[in-house]
Amino acid sequence: MKLAIRKVNFLLLIGILLSACESKADLEKAKQEIMNVDQEFSDYSIQNGVREAFFAFAHDSAVILRENSYPIIGREKIKNLFPEGKTAGVSLSWKPIFADVAKSGELGYTYGIYKYTTPDTIMKGTYVSIWKKGKNQAWKYVFDSGNQGLGDQP
């Protein structure tokens, strides 16, 4: 009887350890997925324009916060925030530098640096995006905000 209990306890312990390792691996995979989708978002912005990118990668209930503005809520309002089509000499690109994911694996965030280029100006800043698994398990941003101005890196 004692041997059977020890075997059951041993098997339970192995199961717990394996699930913990699997969970940690799943979270690392999810972090990398978010980093990748954030970079794809930037690449899409360069190739197709800011308006199309912010619409294509937005969750239905996405929110954008911008300076001197009330929150912009929902994909359609977000799409209308930006000028239509690609504007010559205007681009917005960014580079995610960190990601983290909730233990559930369904919500996470990225932050990084961006560069906004116009024919007259180059502006740099920082941003944060919060990501959620949407329909068909695709990551979509639910929140985006940025801060203009970027000093020297510490």
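Counted the way mature numbering (1 follows the signal peptide of the UniProt record, and there is no 0) counts, the sequence shown spans residues -25 to -1, 1 to 129.
A virtual CB, placed ideally from N, CA and C, is assigned to each residue, including glycine.
Handout entry: Buried or exposed (CB count within 10 angstroms, at least 16 for buried), lysine 115
Key = Taking all protein chains shown into account, lysine 115 has 16 or more neighbouring C-beta atoms within 10 Å of its C-beta and is therefore buried.
Exercise for the section: Could you tell me which residues DSSP puts in a beta bridge with leucine 82? Expected result: Answer by DSSP bridge pairing, in chain order: Lys107.
Problem - Contacting residues, own chain, Cβ-Cβ under 7 Å from glutamate -4 (five flanking each side not counted) - result: Low local confidence applies: a pLDDT of 46 at glutamate -4 is under 50, so the model's placement there is unreliable, with the coordinate-based value given in what follows. Residues of the same chain with a CB within less than 7 Å of the CB of glutamate -4, apart from the 5 flanking positions on each side, do not exist.
Handout entry: Opposing strand residues paired with glutamine 123 [DSSP bridges]
Key = Beta bridge pairing from DSSP links glutamine 123 with Gly100.
Exercise for the section: Please report the residue range of the alpha helix (DSSP H) in which alanine 31 lies. Expected result: If you look at alanine 31, you'll find it in the alpha helix (DSSP H) that goes 25 to 31.
Exercise for the section: Just the C-alpha distance for isoleucine 105 and valine 117, rounded to the nearest angstrom, thanks. Expected result: The alpha-carbon atoms of isoleucine 105 and valine 117 are separated by roughly 6 Å.
Exercise for the section: At 3 residues or longer, and completely inside the region 1 to 75: list those beta strand (DSSP E) runs for me, N to C. Expected result: Entirely contained in the region 1 to 75, the beta strand (DSSP E) runs reaching 3 residues are, in chain order, 33 to 40.
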